[in-house]
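Comments concern the structure below.
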Amino acid sequence: DSGVTQTPKHLITATGQRVTLRCSPRSGDLSVYWYQQSLDQGLQFLIQYYNGEERAKGNILERFSAQQFPDLHSELNLSSLELGDSALYFCASSVGGTTVNTEAFFGQGTRLTVV
Amino acid sequence: GQSLEQPSEVTAVEGAIVQINCTYQTSGFYGLSWYQQHDGGAPTFLSYNALDGLEETGRFSSFLSRSDSYGYLLLQELQMKDSASYFCACHTGGFKTIFGAGTRLFVKA
Numbered sequence: 001d002s003g004v005t006q007t008p009k010h011l012i013t014a015t016g017q018r019v020t021l022r023c024s025p026r027s028g029d030l031s032v033y034w035y036q037q038s039l040d041q042g043l044q045f046l047i048q049y050y051n052g053e054e055r056a057k058g059n060i061l062e063r064f065s066a067q068q069f070p071d072l073h074s075e076l077n078l079s080s081l082e083l084g085d086s087a088l089y090f091c092a093s094s095v096g097g098t099t100v101n102t103e104a105f106f107g108q109g110t111r112l113t114v115v
Numbered sequence: 001g002q003s004l005e006q007p008s009e010v011t012a013v014e015g016a017i018v019q020i021n022c023t024y025q026t027s028g029f030y031g032l033s034w035y036q037q038h039d040g041g042a043p044t045f046l047s048y049n050a051l052d053g054l055e056e057t058g059r060f061s062s063f064l065s066r067s068d069s070y071g072y073l074l075l076q077e078l079q080m081k082d083s084a085s086y087f088c089a090c091h092t093g094g095f096k097t098i099f100g101a102g103t104r105l106f107v108k109a
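Protein sequence lines, in the order shown, are assigned to chains A and B.
Okay, so the first sequence: first residue is 1 according to my numbering, each after it adds one.
Okay, so the second sequence: first residue is 1 according to my numbering, each after it adds one.
What follows is the structure, encoded as structure tokens:
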């Protein structure tokens with residue numbers, strides 16, 4: 001158990017809908033990272049928050065947004081869903097503002113299926 | 001642009017040694033990490049290299065050559081449980097961590 005909690009574990013929704021994925025980082029970790037992993041693909045970095053502020057942005061679509069709340073949990077919002085958005089979405093956390101020289105701990109992921 | 005390349009699949013036998021290579025092209029390189037992911041599981045951290053050379057952690061070692069933009073993960077005394085996907089990840093400028101597409105390792109008896 002990495003200490004990072006993601007909910008829900010599975011989500012099935014229709015095209016055009018909007019969903020929210022939730023992540024609670026490890027106690028004491030200030031950074032939260034979101035990644036998308038499509039079938040048999042690598043991890044695509046979406047976005048990072050550090051202590052409530054956006055720190056880095058990757059290949060995140062405009063239909064997607066995220067935020068980190070004062071209690072440091074984070075939510076990833078996916079809207080106008082398309083079939084191609086079906087993927088495993090991972091959240092990771094780390095102590096500092098970067099994963100350089102520090103370990104990132106991953107949650108078990110949320111499997112999103114868009115039908 | 002930024003990219004990492006690693007082989008898509010590697011097969012080895014139990015007890016053998018296997019090397020998984022990773023070449024990268026990034027801006028503002030700070031270091032290279034390796035992660036292991038079993039099917040259906042979350043990635044877990046294996047190692048990190050910031051400087052050239054070899055880092056050893058038990059049966060796993062990781063190597064980095066910054067001048068060659070190249071690194072590898074070395075797994076010794078392979079066990080069946082090592083069958084998994086292995087990802088290299090570059091830590092770049094702008095606090096970003098870029099992952100490779102992963103190498104699926106099959107360990108055979």
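Yeah, the Cβ is synthetic: ideal placement off N, Cα and C, and Gly gets one too.
**Asked** Expressed to the nearest angstrom, what Euclidean distance is found between the alpha-carbon atoms of B:Ala12 and B:Val107?
**Response** To locate residue 12 of chain B, count along the second sequence from 1; it is residue 12. To locate residue 107 of chain B, count along the second sequence from 1; it is residue 107. Rounded to whole angstroms, B:Ala12 to B:Val107 spans 5 Å at the Cα level.
**Message:** I need the straight-line Cα distance from A:Thr13 to A:Asn77, nearest angstrom please.
**Reply:** Position 13 of the first sequence, counted from the start, is the residue given in the question as residue 13 of chain A. Position 77 of the first sequence, counted from the start, is the residue given in the question as residue 77 of chain A. Those two C-alpha atoms are separated by around 13 Å.
**Request:** Look at A:Ala104 and A:Ala87 and say whether their C-beta atoms are less than 9 Å apart.
**Result:** Taking the first sequence and counting its residues from 1, one reaches residue 104 of chain A at position 104. Taking the first sequence and counting its residues from 1, one reaches residue 87 of chain A at position 87. Their beta carbons are not under 9 Å apart, which means A:Ala104 does not touch A:Ala87 by this criterion.
**Prompt:** Going by Cα to Cα distance, which pick from A:Tyr89, A:Asp85, A:Leu43 and A:Thr110 is closest to A:Gly16?
**Reply:** Looking up residue 16 of chain A in the first sequence gives position 16. Ranking A:Tyr89, A:Asp85, A:Leu43 and A:Thr110 by Cα distance to A:Gly16 puts A:Asp85 first.
**Request:** Could you tell me which residues DSSP puts in a beta bridge with A:Asn51?
**Result:** Start at 1 with the first residue of the first sequence, and residue 51 of chain A comes out as number 51. Answer is none; A:Asn51 lacks a bridge partner.
**Message:** Just to check my reading of the structure: B:Ser69 and B:Phe60 have Cβ atoms closer than 8 Å, yes? What is that Cβ distance to the nearest angstrom?
**Reply:** To locate residue 69 of chain B, count along the second sequence from 1; it is residue 69. To locate residue 60 of chain B, count along the second sequence from 1; it is residue 60. The pair is not a contact, with the Cβ atoms about 21 Å apart (cut-off 8 Å).
**Asked** Where do the ends of the beta strand (DSSP E) carrying A:Ser12 lie?
**Response** Translated into positions along the first sequence, residue 12 of chain A becomes position 12. Per the sequence presented here, residue 12 of chain A reads as Ile, with Ser not at that position. First-last of the beta strand (DSSP E) with A:Ile12: His10 to Thr13.
**Request:** For A:Phe64, collect the residues of the same chain with a Cβ closer than 6 Å to its Cβ; drop the 5 residues on either side in sequence, then sort them by chain order.
**Result:** Within the first sequence, the letter at position 64 stands for residue 64 of chain A. So the qualifying residues of the chain are Leu78.
**Burial state of A:Phe69, where buried means 16 or more other Cβ atoms lie within 10 Å** = Taking the first residue of the first sequence as 1, we reach residue 69 of chain A at position 69. So A:Phe69 counts as exposed.
**Asked** Residues of chain B with a CB under 7 Å from the CB of A:Gln108: which are they?
**Response** Reading the first sequence from its first residue, position 108 is the one you call residue 108 of chain A. Ordered by position in chain B, the residues that pass the 7 Å Cβ test against A:Gln108 are Ala42.
**Prompt:** Does A:Leu72 have its Cβ less than 9 Å from a Cβ in chain B?
**Reply:** As a working mapping, residue 72 of chain A is identified with position 72 in the first sequence. No, A:Leu72 lies away from the interface with chain B (no Cβ there is under 9 Å from its Cβ).
**Asked** Roughly how many angstroms separate the alpha carbons of A:Gln37 and B:Gly15, rounded to a whole number?
**Response** As a position in the first sequence, residue 37 of chain A is number 37, starting the count at 1. As a position in the second sequence, residue 15 of chain B is number 15, starting the count at 1. Cα-Cα distance, rounded: 31 Å.
**Request:** Taking all protein chains shown into account, decide if B:Gln36 is buried (16 or more other Cβ within 10 angstroms of its Cβ) or exposed.
**Result:** Locating residue 36 of chain B in the second sequence gives position 36, where the first residue counts as 1. By the 10 Å Cβ count, B:Gln36 comes out buried.
**Message:** Given this structure, state the Cα-to-Cα distance separating A:Asn51 from A:Gln108, to the nearest angstrom.
**Reply:** Indexing the first sequence from 1 puts residue 51 of chain A at position 51. Indexing the first sequence from 1 puts residue 108 of chain A at position 108. Near 22 Å, if we compare the C-alpha coordinates of A:Gln108 and A:Asn51.
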